[in-house]
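I have placed the structure first, in the form of structure tokens, so that the comments after it can refer back to it.
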Amino acid sequence: MEKYVIKGGRRLEGEVTIAGAKNAALGILAAAVLTDEECIIENVPYVQDTKVLLAAIENIGARVKYIDKHTVSICAGTIRDGKHLEVDDGNIRKIRAGYYLLGSLLGKYHYANVALPGGCDIGARPIDQHTKGFESLGANWEIVKGGKIVVRADELFGNHVYMDIVSVGATINIMLAAVLAQGKTTIENAAKEPHIVDVANFLNSMGANIKGAGTDVIRIRGVERLHKTEYSIIPDQIEAGTFMMMAAATGGNVLIKNVIPKHLEAISAKLNEIGAHVIEYDDSVRVMSDGRLKSTHIKTLPYPGFPTDMQPQMAVTLALSRGTSIITESIFENRFKYVSELARMGARISVEGNTAIITGVEGYTGANLVAPDLRAGAALVIAALAADGFSSVEDIKYILRGYEDFDGKIKGLGGAIELIDDDDDRSMQKFRLKVG
């Protein structure tokens, strides 16, 4: 097992380049299966989640090739016997986005057999909206022995689908299943996140007919077939936001490149509100902080509201700010597991139901920490970078799922961080001697 060791107290400065959006990439990679022709996809983040999904796609018979570290070729024309495929290679159970193969395989072959999803334990994330959408298109589904879900249909027909709750995953999955269905599908109360738009744009570049992505009503007219395409994935909104918070929490000055500032507006607005300075350019943002920040209130909401995936990082920053802040988590009910770890560093946070009440402190002290999930793990790294003294962050397998070269990018900004084996005492001592 690996962990990060960190010496805090350094002001982060410099430039960092953001990778492609993980959440868009996962939907797009699954969507490439919908055509027998080659898809070349650029700006794919080189993270564990995308590598696992690509391995699963290759294991069902598609030809998958890395052209370079961030460019992938997928040709699903080599898949044989699509009506009897089973997606369960062990690793696919560890990621949430394996379920996108349900929509793409159902759409293309009218049959899908996929292991039930895993991912971070941040609360209940049922797939009832996915199955409701599949049923509306004419499919039947069942959970079978071994923890797998099987979805099948004789034919798929367009229909009206109303989402009981806004669900990013279900919106993408229904789009994947509907693009080759007969007739017209309307998805109401659809998710509006940037990666919804990116998946729709990718499908349209393959010949799909999707309108309204980015609004709460998406209209899809089924086509007979999809064709090859070349496409570049949008930048990762959450990775960008994480480095924005990192700059603010460490009193830094960081230029964050390869971003779409429009996607970051909710984050930028809150940083400006608490006293940081955010300057937007065409494809980058600069975040500066030169003093102790102020408190605020935040409620997580679907896009364009403040993203739940940025809630832990914001909490770390607010716990160092003057006054009392309140964060209300309205998306997932189990997203405050990092609070006990921050308390070991001196943070003063109490949790009541879905609300965290944060009383700002002047600083953190280093501690040995355990990452409870992906975004909370990144938040603990931010806390360690802002803390006085040495810290370690264990269970970083979660962080590696979603952040490419995280420690390398932090080093490039002047942060003192090292990736070492858990039991490698010699490397720990070398790190301590190197950073002083």
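Residues in the sequence shown are numbered from 2 upward in steps of one, following our numbering.
Think of the CB as a built atom: it goes at the ideal place given N, C-alpha and C, for glycine as much as any other residue.
Note that the structure is a prediction, hence the values are computed from the model and not measured.
- Around the Cβ of K212, a 10 Å sphere holds fewer than 16 other Cβ atoms; the residue is exposed.
- With a threshold of 16 other beta carbon atoms within 10 Å, D426 falls short and is exposed.
- Out of P118, P127 and I411, the CA that lies nearest to the CA of G147 is found in P118.
- Secondary structure of E194 (DSSP, three-state): coil.
- In this structure the region 264–275 touches the region 233–246; the number of beta carbon pairs closer than 8 Å is three or more.
- Here K4 carries a strand assignment [DSSP, helix/strand/coil].
- In the DSSP assignment, F244 falls within the unbroken alpha helix (DSSP H) covering Q238 to A250.
- Looking from the CA of R287, the closest CA among N335, H278 and N355 belongs to H278.
- Under the rule that a run must span 4 or more residues, the alpha helix (DSSP H) segments found entirely inside the region 12–96 read 23–32 and 49–60.
- With distances taken between CA atoms, M176 lies nearest to F203 out of F203, I166 and V255.
- When the alpha-carbon of F391 is set against those of M429, V362 and G253, the nearest one is in M429.
- C-alpha of V48 to C-alpha of E405: approximately 5 Å in a straight line.
- When DSSP reads this structure, K149 sits in a beta bridge with A116 and V145.
- Annotation for D291: G252 place their beta carbon closer than 7 Å to its own, counting only its chain and skipping 5 residues before and after.
- The Cβ atoms of L375 and I400 sit closer than 8 Å to each other.
- Note that the C-beta distance between T318 and M246 is below 8 Å.
- The three-state reading of DSSP puts H228 in coil, since its state is none of H, G, I, E or B.
- By the beta-carbon neighbour count (other beta carbons within 10 angstroms, threshold 16), E194 is buried.
- Around the beta carbon of N174, a 10 Å sphere encloses 16 or more other beta carbons of the protein chains shown; the residue is thus reported as buried.
- Counting C-beta pairs with one atom in each stretch, the region 156–175 and the region 226–240 have fewer than three that are closer than 8 Å, which means they do not touch.
- Look at F158 here: in three-state DSSP terms it is strand.
- Rounded to the nearest angstrom, the gap between the Cα atoms of T79 and A20 is 30 Å.
- Counting C-beta pairs closer than 8 Å gives three or more between the region 349–357 and the region 311–326, which meets the contact rule.
- Counting C-beta pairs closer than 8 Å gives fewer than three between the region 363–371 and the region 294–302, which falls short of the contact rule.
- Taking Q130 as the centre and dropping the five residues before and after it, the same chain places the C-beta of M164, S168 and A171 closer than 6 Å to its C-beta, in chain order.
- Bridge partners of I350 according to DSSP: I359.
- Beta bridge pairing from DSSP links Y163 with E189.
- In the three-state DSSP reduction, N254 falls in the strand class (E or B).
- For T172, the enclosing alpha helix (DSSP H) stretches over residues V169 to A179.
- Secondary structure of M429 (DSSP, three-state): helix.
- For M315, the enclosing alpha helix (DSSP H) has its first and last residue at Q312 to L319.
- If you look at E274, you'll find it in the alpha helix (DSSP H) that goes E266 to E274.
- Per DSSP, reduced to three states, the secondary structure at H111 is coil, with no helix or strand assignment.
- The continuous alpha helix (DSSP H) containing L386 extends over residues L375 to A387.
- The criterion of a C-beta distance shorter than 8 Å is not satisfied by V6 and E395.
- Its chain contains V88, D90 and I93 as the residues whose beta carbon lies nearer than 6 Å to that of A57, once the 5 sequence neighbours on both sides are disregarded; these appear in chain order.
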